[in-house]
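Working notes, beginning with the structure itself.
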Amino acid sequence: MNNIYLVGAQQKSEVLKDWEQFKRSIVLDMNLSNQKVIKVIDYVSPPEVCPDMNASISFTAATLSNQKLYVGTQTEVIVFNTQNFKSEKYISLPLFNDIHHVKPRKNGNLLVVNTGLEMVIELSANGKIINYWNVLGEDPWGRFSKTTDYRKVPTTKPHQSHPNYVFELNDEIWVTRCLQKDAICVTEPNKKITIGRQLIHDGIVFNNKIYFTQVDGCIVIVNANTLEIEKVINLLNISGKDKKLGWCRGIKPLNEDIVLVGFSRIRPSRKINKDGTTEWLGGYGVMPTRLACYDIKKNKLLWEKNLEDYDLNVIYSIN
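Under full-length UniProt numbering, think of the first position of the sequence shown as 1, with each following residue one higher.
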């Protein structure tokens, strides 16, 4: 594999709330042999599927399958042909809010992580809802309304679970739950993978292993048969850095030893002090958004590529 796709967004120049952060959806094509990067998709969602004020425009975690890139925005599902990077399919439904991942199934249906409504949705190829599951095992509409157009709702936070990535094991549907720090099977509710310790993302199945990331820079590798943790790699310990790596999200194993990992520049949070002054927290601007390559057998950082020069200020997935 020589080329990969890096999926995310360009950040707005001003510092806004978390759900107002981004202005353009971006996909970069990177050649791993020479690290040449080309921007291949630059997309802005139409206003009719966005909140009316300060909408955040971003691609989220994508899936690459059969030369097609299946990707979500906050309120849309789009399928791009990677031969010409043109849109071949477009779906936007009123219940879409804070979409975090899109994945095609073998049967042609689509799995969508609808984070804002704490659910996983299965859609037919033409966008018809086949099924949906609340990731806390609750009534999917217990806290939400079937008549609301959630595409116009800026945020439903605070979330109770914040599901963010869907994957399949033996045709079972699994989803990563960020706040519970685990992954659950929505089709067999008694099955669960407990990770713990820190917020998690991803759920990449590769060579009978499942790869998760934790936001502080750890990789957790789980055996897909036993559902037990086999290995935890602390990237901070092997990066040779004495500061935060950034928001760790996005992982792609190239083989059992070499993995690519995404780091997003830590977004600031605003604190108002008692004297009325403003203080920005979070190490803003310390480490740029970048792609890093690690040898996890030798515990060695092989290289890093700064992605901010290509307008990618946040990275959601590596495909």
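Where a beta carbon is used, it is the ideal one built from N, C-alpha and C, also for glycine.
Return the first residue and the last residue of the beta strand (DSSP E) that residue i is part of.
i	result
L110	L110 to N114
Q214	K209 to Q214
G217	G217 -> no beta strand (DSSP E), and no H or E assigned at all.
I99	I99 to P104
D182	D182 to C185
T176	E172 to R177
P163	P163 to L169
What residues are listed by DSSP as bridge partners for residue i?
i	result
F80	L69 and S87
S317	V7
D202	F212
D295	I258 and K300
F144	Partner(s): none; F144 has no beta bridge.
S264	W247
D29	Y5 and I38
P253	V259
T63	Y70
How far does the alpha helix (DSSP H) with residue i in it reach, from first residue to last?
i	result
I238	L235 to S239
If I'm right that residue i touches residue j with Cβ under 8 Å, what's the distance once you round it to whole angstroms?
i	j	result
K103	V186	At roughly 13 Å, the Cβ-Cβ gap does not stay under 8 Å, so K103 and V186 are not in contact.
K12	K23	5 Å
T75	V113	Their Cβ separation, rounded to whole angstroms, is 13 Å, which puts T75 and V113 out of contact at 8 Å.
V220	Q214	7 Å
Y5	L28	7 Å
G116	Y150	6 Å
L245	G217	4 Å
A224	L312	With 8 Å as the limit, A224 and L312 do not qualify as a contact, their Cβ atoms being about 30 Å apart.
N319	V7	6 Å
Quick check on DSSP: helix, strand or coil for residue i?
i	result
K191	coil
D52	coil
R151	helix
D309	helix
P47	helix
L117	helix
E20	helix
V40	strand
E138	coil
R197	coil
S92	coil
residue 339	Outside the modelled stretch of the chain, which goes from 1 to 319, sits residue 339, for which no answer is possible.
E230	strand
N273	coil
N131	strand
For residue i and chain D, any beta-carbon pair shorter than 9 Å?
i	result
S239	Included in the structure is just one protein chain, with no chain D present.
Q: Kindly confirm or deny that the segment 147–157 and the segment 170–180 touch, where touching means at least three C-beta pairs closer than 8 Å.
A: no
(Q) Three Cβ pairs or more, each shorter than 8 Å: is that satisfied between the segment 93–112 and the segment 61–74? (A) yes
**Q.** the segment 286–297 in contact with the segment 252–259 per 3-pair CB rule at 8 Å
**A.** yes
Q. Would the segment 191–207 and the segment 124–143 be scored as touching if the rule is three or more Cβ pairs under 8 Å?
A. In the pairwise beta carbon analysis, the segment 191–207 is classified as not touching the segment 124–143: fewer than three pairs are separated by under 8 Å.
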